[in-house]
Amino acid sequence: MSTVRTPATTTLVTGIAELVTNDPTLDGSPLGLLADAAVVVADDVIVWVGPAASAPAADDRHDVGGCAVLPGFVDSHTHLVFAGDRAAEFAARLAGARYDGGGIASTVAATRAAGDAELRRLVALRIAEARRQGTTTVEVKSGYGLTVGDERRALQIAAELTAETTFLGGHVVPPGSDRDEYVRLVAGEMLDACAPHARWIDVFCEPASPHAFDGDEARAILLAGRARGLGLRVHGNQLSAGPGVQLAVDLGAASVDHCTYLADADIDALAGADTVATLLPAVEFSTRSPYPDARRLLAAGVHVTLATDCNPGTSYTSAMPFVIALAVREMGMTPGEAVHAATAGGAAALRRSDIGRVVVGARADLAVLDAPSHLHLAYRPGVPLARTLELPRRGRT
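If you want the numbering used here, it's the position in the sequence shown, counting the first as 1, plus 3.
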């Protein structure tokens, strides 16, 4: 018996003052800017991009009224599955306390105590909050369970809301645990339970922290994850110029995240590799730490990404526009570089070609700015300019 396929409903998005496509063939720049542009969407896929004057006919029309449109932000590093908060720890840091990763234990306790329904509600609220600010793809890590059952539960909940789930049993060594035994647990029984619910594996490789993992421990965890078919990510070089970057490059990880303290050899390694350097400036804002040197990375030809690192301890923000403003003000990036890093850069960090660009065949994940240009993201910090473009669909309410 044959199935009759209903023709896709097409929607023309018009009234676009400036369209950021991230297609350099359009104007020779990484952003691929088009003025007075239009986009046609069918079945959540982009089917036409070009000048509004040349747009084809469509079933529906959506006019954004002279706003800028860009690819939805791709937040490639978050820790959204948690309960409780650490506001008191934040206040203590403002008074001079140093961050070393130890506060994670309090979030672990609160998360373990929360029921499934409560965790599911909290994660959904945080993803909805990000979408209201223009984010259309979110990577979500586990890491606040640190037992086999709690880590699996975190990933199962995350997988209900995103395809980009990351197993982070190697976040910290739980207080009172034997280090060697815990590494074996993460790379063995815990990984076996979590791998079916994850796309990636990550590890906090930071010898400067007594709670995180050294290079050998991190390598063992990552290799075990790769053997189970997971892609690799690394928390590296956040507190010191440690082995994280070199480990990520050696193992072909998709990204190494933080990159606050880099030796020349680290930059050289990244410049010659496919591993993306993900910068998380909201962490430095929250911890009063030195910001990564984005200009140094970009000058060397390193592929740089921006993400929020949304978590309750060191970066409790889901706002990619805020991260873009910090990157421009504190890390020396141009507005165009920061927007590219928050969109196409995030897609590269997730090794995705279907997001982060406004091109034919890509997902119709679009963000609208209540402004005529992408420049306003850095020009007007703190103003809620960005939102996800929600197109009406026939047959839905």
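Backbone N, C-alpha and C define an ideal beta-carbon position, used for all residues, glycine too. These numbers were taken from a predicted model, which means no experiment stands behind them.
Check: Quick one: Cα of ARG135 to Cα of VAL286, how far?
Finding: Position 132 of the sequence shown, counted from the start, is the residue given in the question as residue 135. Position 283 of the sequence shown, counted from the start, is the residue given in the question as residue 286. Distance between the alpha carbons of ARG135 and VAL286: 21 Å.
Notebook entry, point to check: For the alpha helix (DSSP H) that PHE93 lies in, which residues bound it at each end?
Noted result: Sequence index remark: in the sequence shown, residue 93 carries index 90 (1-based). First-last of the alpha helix (DSSP H) with PHE93: 90-97.
Check: To the nearest angstrom, how far is it from the Cα of PRO177 to the Cα of ALA113?
Finding: The sequence position of residue 177 within the sequence shown is 174, counting from 1. The sequence position of residue 113 within the sequence shown is 110, counting from 1. The straight-line gap separating the alpha-carbon atoms of PRO177 and ALA113 is approximately 14 Å.
Checklist line | Range covered by the beta strand (DSSP E) that runs through GLU21 | finding: Taking the sequence shown and counting its residues from 1, one reaches residue 21 at position 18. Unbroken beta strand (DSSP E) run through GLU21: 13-23.
Notebook entry, point to check: ALA266 by DSSP, collapsed to three states: which one?
Noted result: Here residue 266 refers to the residue found at position 263 of the sequence shown. Of the three classes helix, strand and coil, the one that applies to ALA266 here is coil, per DSSP.
Notebook entry, point to check: How is ALA66 classed by DSSP in three states: helix, strand or coil?
Noted result: By one-based count along the sequence shown, residue 66 stands at place 63. For clarity, residue 66 is Asp in the given sequence; the question names Ala instead. The answer is strand: DSSP assigns ASP66 an E or B state.
Note to self: I'd like the span of the beta strand (DSSP E) that includes GLY173, first residue to last.
What the structure shows: Counting from one through the sequence shown, the residue named residue 173 turns up at place 170. Taken as a continuous stretch (DSSP letters only), the beta strand (DSSP E) holding GLY173 covers 168-173.
Check: Would you call the region 266-285 and the region 216-232 touching, i.e. three or more CB-CB distances under 8 Å?
Finding: Flag = no, the region 266-285 and the region 216-232 do not touch.
Notebook entry, point to check: With burial defined as no fewer than 16 other Cβ atoms inside 10 Å of the residue's Cβ, what is the status of THR28: buried or exposed?
Noted result: Locating residue 28 in the sequence shown gives position 25, where the first residue counts as 1. Under this definition THR28 is an exposed residue.
Margin query: Quick check: what's the CA-CA separation for ALA1 versus ALA196?
Written below: Within the shown structure, residues of the chain are numbered from 4 to 400, placing residue 1 beyond reach of any answer.
Next item on the list: Taking only the alpha-carbon atoms, compute the straight-line gap between VAL362 and LEU388 and give it to the nearest angstrom.
Entry: Against the sequence shown, residue 362 aligns to sequence position 359. Against the sequence shown, residue 388 aligns to sequence position 385. When rounded, the distance between both Cα atoms is 23 Å.
Check: In the structure shown, what three-state DSSP assignment does ILE327 receive?
Finding: As a working mapping, residue 327 is identified with position 324 in the sequence shown. The answer is helix: DSSP assigns ILE327 an H, G or I state.
Note to self: How far does the beta strand (DSSP E) with CYS208 in it extend, from its first residue to its last?
What the structure shows: To locate residue 208, count along the sequence shown from 1; it is residue 205. Boundaries of the beta strand (DSSP E) around CYS208: 203-208.
Checklist line | CA-to-CA distance, LEU369 to LEU73, given in whole angstroms | finding: As a working note, residue 73 is residue 70 in the sequence shown. As a working note, residue 369 is residue 366 in the sequence shown. Computed Cα separation, rounded: 6 Å.
Check: So, LEU283 versus ALA310, is the Cβ gap smaller than 8 Å?
Finding: As a first step, residue 283 must be located in the sequence shown, where it is residue number 280. As a first step, residue 310 must be located in the sequence shown, where it is residue number 307. Yes, they are a contact pair.
Margin query: Between which residues of its own chain and ILE160 is the CB-CB distance below 8 Å, once the five residues before and five after are set aside?
Written below: Locating residue 160 in the sequence shown gives position 157, counting from the first residue. VAL84, ASP119, LEU122, ARG123 and VAL126.
Checklist line | C-beta atoms of ASP30 and LEU36 nearer than 8 Å | finding: Position 27 of the sequence shown, counting from 1, holds the residue named residue 30. Position 33 of the sequence shown, counting from 1, holds the residue named residue 36. The Cβ atoms of ASP30 and LEU36 lie closer than 8 Å to each other.
Margin query: Assuming contact is defined by CB atoms lying nearer than 8 Å, are GLY146 and HIS174 in contact in what I supplied?
Written below: Reading the sequence shown from its first residue, position 143 is the one you call residue 146. Reading the sequence shown from its first residue, position 171 is the one you call residue 174. The answer is yes: Cβ separation under 8 Å.
Notebook entry, point to check: Touching or not, the region 86-97 and the region 306-325, by the rule of three or more beta carbon pairs under 8 Å?
Noted result: Output reads yes: the region 306-325 touches the region 86-97.
Margin query: Using a Cβ distance threshold of 8 Å, determine whether the region 37-57 contacts the region 333-353, with at least three qualifying pairs required.
Written below: Output reads no: the region 333-353 does not touch the region 37-57.
Notebook entry, point to check: Since ASP260 sits in a beta bridge, which residues does DSSP pair it with?
Noted result: As a working mapping, residue 260 is identified with position 257 in the sequence shown. DSSP, once it has assigned bridges, lists HIS238 and THR281 as partnering ASP260.
Checklist line | Residue nearest to GLY87 in terms of C-alpha spacing, selected from GLY69, GLY106 and PHE76 | finding: Numbered from its first residue, the sequence shown carries residue 87 at position 84. Minimum Cα distance to GLY87 is reached at GLY106.
Notebook entry, point to check: How many whole angstroms separate the CB atoms of VAL67 and VAL16, which I take to be in contact at a CB cut-off of 8 Å?
Noted result: Working through the sequence shown from its first residue, we reach residue 67 at position 64. Working through the sequence shown from its first residue, we reach residue 16 at position 13. VAL16 and VAL67 do touch by the CB rule: their CB atoms are close to 7 Å apart, below 8 Å.
Note to self: Using beta carbons (cut-off 8 Å, strictly below), is SER292 in contact with chain B?
What the structure shows: Among the chains in the structure shown there is no chain B, since it carries only a single protein chain.
Note to self: Run through the DSSP bridge pairs and tell me what ARG360 is partnered with.
What the structure shows: Taking the first residue of the sequence shown as 1, we reach residue 360 at position 357. According to DSSP, ARG360 shares a beta bridge with no other residue.
Next item on the list: Have a look at VAL48 and VAL371 and give me their C-alpha separation to the nearest angstrom.
Entry: For this step, residue 48 is matched to residue 45 along the sequence shown. For this step, residue 371 is matched to residue 368 along the sequence shown. If I take the Cα positions, the gap works out to 17 Å.
Next item on the list: Alpha carbon to alpha carbon, how far is VAL307 from GLU142? Give it in angstroms, no decimals.
Entry: Against the sequence shown, residue 142 aligns to sequence position 139. Against the sequence shown, residue 307 aligns to sequence position 304. So the two alpha carbons sit approximately 17 Å from each other.
Notebook entry, point to check: Can you tell which of VAL331, ALA131, ALA266 and PHE325 has the C-alpha that lies nearest to the C-alpha of ALA303?
Noted result: Residue numbering aside, residue 303 sits at position 300 when the sequence shown is read from its first letter. Here the closest residue by C-alpha is ALA266.
Checklist line | Nearest-angstrom Cα separation, counted from LEU235 out to GLY348 | finding: The residue given as residue 348 occupies position 345 in the sequence shown. The residue given as residue 235 occupies position 232 in the sequence shown. Straight across, the Cα-Cα distance linking GLY348 with LEU235 is about 17 Å.
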